[in-house]
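One structure is given below, encoded as structure tokens.
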Amino acid sequence: MTSEISTLERYQLFIDGHAVDSVSGATFDSLNPYTGMPWARVSDGTPDDIDLAVAAARRAFDGGWRQMPGWRRAAVLRAVGDGIAKNSERLARLEVNDNGKLLREMRAQLEALPEYYYYFAGLADKIEGRTVPQINPSRYFGFTVREPVGVVGAITPWNSPLLLLTFKLAPLLAAGNTCVVKPSEHSPASTLAFAQVLSEAGLPDGVFNAVSGWNRATGEALASHPGIDKIAFTGSTATGIKVAQAAMNNVNKATLELGGKSAQVVFEDADIDAAVNGIMSGVFAATGQTCMAGSRLIVQDAVHDTVIERLARRAADIRLGDPNDPETEMGPLANPPQFEKVTGYFSIAEEEGASFACGGAPAEDLGSYFVKPTVITNLKRDSRLIREEVFGPVLSVLSFSTEEEAVELANDTRYGLAGAVWTENVHRAHRVAGQIRAGSVWINDYRVVGPGMPFGGFKDSGVGRENGVDAIDEYLETKSIYVELTGQTRDPFQMG
Ligand code: NAD
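First residue of the sequence shown: 5, per this note's numbering; consecutive thereafter.
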């Protein structure tokens, strides 16, 4: 996929502190989904480049980063945060070029990113072990130390490249690990440009390496590489399973942030305008291309028609267009396969006899990858629109009569990433939030995240958590050290 246009911006791999071409010298072009044109030419890394990057990360791990005192690593992390703050506009625009999401969305994400580095900088010098009481305290003194896992392979999706990388990078660096990052083939530019920001912030050469690649083989080479110690993956559940299996073949650790089909549960006593607003933000913001999209609406019978009617009215007014225009509310889908997938679900809904309260078609007048915000009703609970992640601006609706039924429907999914409860009844709000089997639940709001709040999935939505104080544990090993206190030898045939 190489275009002949010569004015494309150029992005190279980043290995051992240097921007480099791939070993093969091959490139691929990154498509701007709004213009439908290639805008950047990117080095096409292969397993050979992954080998070089892993070797560089290993040298950096052994060469001092992990031994650096935590407060010095923290200083580098704070400088990274400052560097992002200085470069946020530039990096946000690269992401818009690559994935077509709104500039105001990507800008807000980039402006929030420094906080994640400052947060984990605060933990870098508080990585502590324990002294552990022993069964035979006169003979043994025991304590634990926490050590970095080693070289981490990080694989990221196209929808929020630097945010989702940061969820991994800030804690892994704070813990003293090094890494090789493989960004999505659909949105590699911001990660490759970010490498330079990390270098300028003082990150030693080899601590961060990034290898883009058009073919699946590049990601596979990283996930299965014998030279890494852990894989941190964000993407679809289907790919996550393959990545985890590859990691397991090397007995490597894996954290997985995967897909979702999150429920918005609306009770009849909810503030309906607030709920409609939250539902819109959950499924139409970012053109529905967020893992935590609230793509299943579960609404109480008494307010079903009101909610659908208001949603359809608001959805019809959403301004679709140029993602760089501050007036735009929804951009295109991010790439051709996404467009095929989302429009395919419109056909499935028709085949299943569902009704479209709004949308259900491409927005043809706007260009290649636009679809209309869509609300689908008259669905059965085993419909594919209820069961499967669409990853687009498509809301699938079911109704309920009792609280018990609402909880049962909310949990009737293989996924468990997020959910929301809309009610003015504080008792019910807590009761229902407590019963939803998902990693994040909002009460009367949606799509709020921050560095201090753990994020991740129950069930098929993932393994492990990102963000929050415990996220650093995902990048640490625990070592137990026993000290013999008596100086006497003991029976060699008996366990101590
Ligand atoms: P994807 O699974 O297709 O790809 C994710 C990454 O994996 C890409 O970099 C891709 O090149 C790489 N990859 C693909 N096949 C691979 C293989 N066999 N081995 C190793 N790497 C491989 O996902 P996507 O389409 O880029 O992103 C959308 C998905 O990501 C959705 O399912 C969404 O829910 C999920 N997601 C989850 C979160 C979360 O935090 N839970 C956040 C954002 C997106």
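Positions of the beta carbon are idealized from the N, C-alpha and C atoms, including for glycine.
Please read these numbers as outputs of a predicted model, since none were measured by experiment.
Query: Kindly list the residues whose CB is nearer than 8 Å to the CB of Phe145, restricted to its own chain and excluding five residues on each side of it in sequence; keep chain order.; Result: Thr135, Gln138, Tyr486, Val487, Leu489
Query: Taking 7 Å as the cut-off, is the CB of Glu99 close to at least one heavy atom of the ligand NAD?; Result: no
Query: So Ser400 is in the beta strand (DSSP E); what residue range does that whole segment cover?; Result: 398-404
Query: Around the C-beta of Glu189, are 16 or more other C-beta atoms found within 10 angstroms, so that it is buried, or is it exposed?; Result: buried
Query: For Lys345, does the three-state DSSP call read helix, strand or coil?; Result: helix
Query: Whose CA, out of Asn256, Gly126, Ala116, lies closest to the CA of Val453?; Result: Ala116
Query: Around the C-beta of Ala434, are 16 or more other C-beta atoms found within 10 angstroms, so that it is buried, or is it exposed?; Result: Looking at the sequence provided, one finds His at residue 434 rather than Ala. Exposed, by the Cβ-count rule.
Query: Quick one: residues in its chain with C-beta nearer than 6 Å to the C-beta of Ser194, no 5 flanking neighbours on either side, listed in chain order?; Result: Leu95, Leu98, Glu99, Pro165, Leu166
Query: Glu33 bridges to which residues according to DSSP?; Result: Checking the displayed sequence, the identity of residue 33 turns out to be Asp instead of Glu. According to DSSP, which records beta bridges pairwise, Asp33 is partnered with Arg45.
Query: Can you determine whether any heavy atom of the ligand HEM sits closer than 7 Å to the C-beta of Val247, and answer yes or no?; Result: With respect to the ligand HEM, the structure offers nothing, as its ligand set consists of the ligand NAD.
Query: Since Asn256 and Ile235 are thought to touch, with beta carbons under 8 Å apart, how far apart are those beta carbons, to the nearest angstrom?; Result: 6 Å
Query: Identify every residue that forms a DSSP beta bridge with Gln324.; Result: Residue identity check: residue 324 is Leu in the sequence provided, not Gln. According to DSSP, which records beta bridges pairwise, Leu324 is partnered with Met334.
Query: Looking only at its chain, what residues have a beta carbon closer than 8 Å to the beta carbon of Cys362, apart from the 5 residues adjacent to it on each side?; Result: Leu315, Ala316, Ala319, Ala320, Lys376, Pro377, Thr378, Val379
Query: In three-state terms, what does DSSP make of Pro366?; Result: strand
Query: For the putative contact between Thr259 and Glu478, defined by C-beta atoms under 8 Å, what is the C-beta separation to the nearest angstrom?; Result: 5 Å
Query: Quick check on Arg469: buried or exposed, where buried means 16 or more other Cβ atoms within 10 Å of its Cβ?; Result: buried
Query: Sort Thr170, Tyr373, Ser191 by Cα distance to Cys183 and report the nearest one.; Result: Thr170
Query: For Trp426 and Glu313, I'd like the C-alpha separation in whole angstroms.; Result: 17 Å
Query: When the distance is taken between beta carbons, is Leu413 closer than 8 Å to Val3?; Result: The question about residue 3 has no answer, for the chain in this structure spans 5 to 500.
Query: Following the continuous beta strand (DSSP E) through Ala23, name the residue where it begins and the one where it ends.; Result: 22-24
Query: Is DSSP giving Phe171 helix, strand or coil here?; Result: helix
Query: Indicate whether the contact test is met: 3 or more Cβ pairs, each with one atom in the stretch 152-160 and one in the stretch 236-251, closer than 8 Å.; Result: yes
Query: Which value, in whole angstroms, describes the spacing of the CA atoms of Arg418 and Ala442?; Result: 11 Å
Query: Between which two residues does the beta strand (DSSP E) holding Ser372 run?; Result: Looking at the DSSP string, Ser372 is not in any beta strand (DSSP E), and its letter there is neither H nor E.
Query: So Gly49 and Ser26 are in contact, right, with Cβ under 8 Å, and what is the actual spacing, rounded?; Result: 5 Å
Query: For Trp426, report the span of its beta strand (DSSP E) as first-last.; Result: 422-426
Query: Would you decide whether Trp75 is buried or exposed? Buried here means 16 or more other CB atoms lie within 10 Å of its CB.; Result: exposed
Query: Taking just the CA atoms, how far does Phe18 sit from Tyr450?; Result: 36 Å
Query: Terminal residues of the continuous beta strand (DSSP E) containing Val487?; Result: 480-488
Query: If you draw a straight line from the alpha carbon of Lys483 to that of Val149, how long is it in whole angstroms?; Result: 5 Å
Query: At a threshold of 7 Å, does Leu480 count as lining the ligand NAD (C-beta to nearest heavy atom)?; Result: no
Query: Provide the residue span of the beta strand (DSSP E) that contains Ile302, from first to last.; Result: 300-304
Query: Short of 7 Å in beta carbon distance, which residues of its chain neighbour Phe288, apart from the five on each side in sequence? Order them along the chain.; Result: Ala319, Ile322, Met334, Pro377, Pro397
Query: Compute the Euclidean distance between the alpha carbons of Asn140 and Gly500, then round it to the nearest angstrom.; Result: 9 Å
Query: Less than 6 Å between C-beta atoms, sequence neighbours within five positions excluded: which residues of the same chain meet that for Thr11?; Result: none
Query: Please confirm whether any heavy atom of the ligand NAD lies closer than 7 Å to the CB of Ala289.; Result: no
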